[in-house]
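**Q**
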Amino acid sequence: MACSGRNILINGGFQKGRAPWTGKRISRMKNPLRAGDYSMWMGVTGAGGDSVLKQTIRGPFERGCVYYLYFRLLNVTPPQSQAELYATVAYLNEKRQIIRSTPLLIHPPYLGRKWYSYFTIVPSPPSNARYVAVVFLLKKGLLFVDYIRLASHDI
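Heads up: take any position in the sequence shown, counting from 1, add 13, and you land on my numbering.
1) Taking the alpha-carbon positions, what's the V57 to E75 distance?
2) At the level of alpha carbons, what is the spacing between G18 and G61?
3) Using 10 angstroms around the beta-carbon of S64, count the other beta-carbons present and answer buried if the total reaches 16, otherwise exposed.
4) Taking the alpha carbon of Q110 as the point to measure from, which residue in A32, A146 and R162 has its own alpha carbon closest?
5) So what's L128 in DSSP terms, helix, strand or just coil?
6) In three-state terms, what does DSSP make of E97?
7) Can you list, in chain order, the residues of its chain whose CB lies under 8 Å from that of S114, leaving out five sequence neighbours each side?
8) Consult DSSP for L117 and reduce its assignment to one of helix, strand or coil.
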């Protein structure tokens, strides 16, 4: 069976506001490089703690397909510092307990005024998966996140 390639996340470009994305130390802001576009700013400053951006989606999921998580980052961390971001996709059961997670540690380069694109391959959902959560956890730095997609692909 062919996988649809359909994005199952909602509002990954933040054009319709912030919802259904939730988190802490985040703010929807105008894209600093593209007029009329929006991105999500994430920032860790002082003793405020980590920045978290997340969305949870209820299935069903396409069986026999892998999922690709796509996103892009604009690193606005001062060049003398290093940003540290974890991007994780987790499959959850009916009680929203983690069945399996696929974490990705990123130290995004500082490229000045340039977006940097990422993607990771997420294994097929287990048969008891009822939800999927996409979580960005910023431990250090200042970033803009945009164009977040989670789409099925053939194995």
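Using N, Cα and C, we set each Cβ at its ideal position, and we do this for glycine too.
**A** Let me spell this out:
1) 36 Å
2) 38 Å
3) buried
4) A146
5) Reading the sequence as shown, one finds Trp at residue 128 and not Leu. Reduced to three states, the DSSP call for W128 is coil.
6) strand
7) T101, V102, A103 and Y104
8) strand
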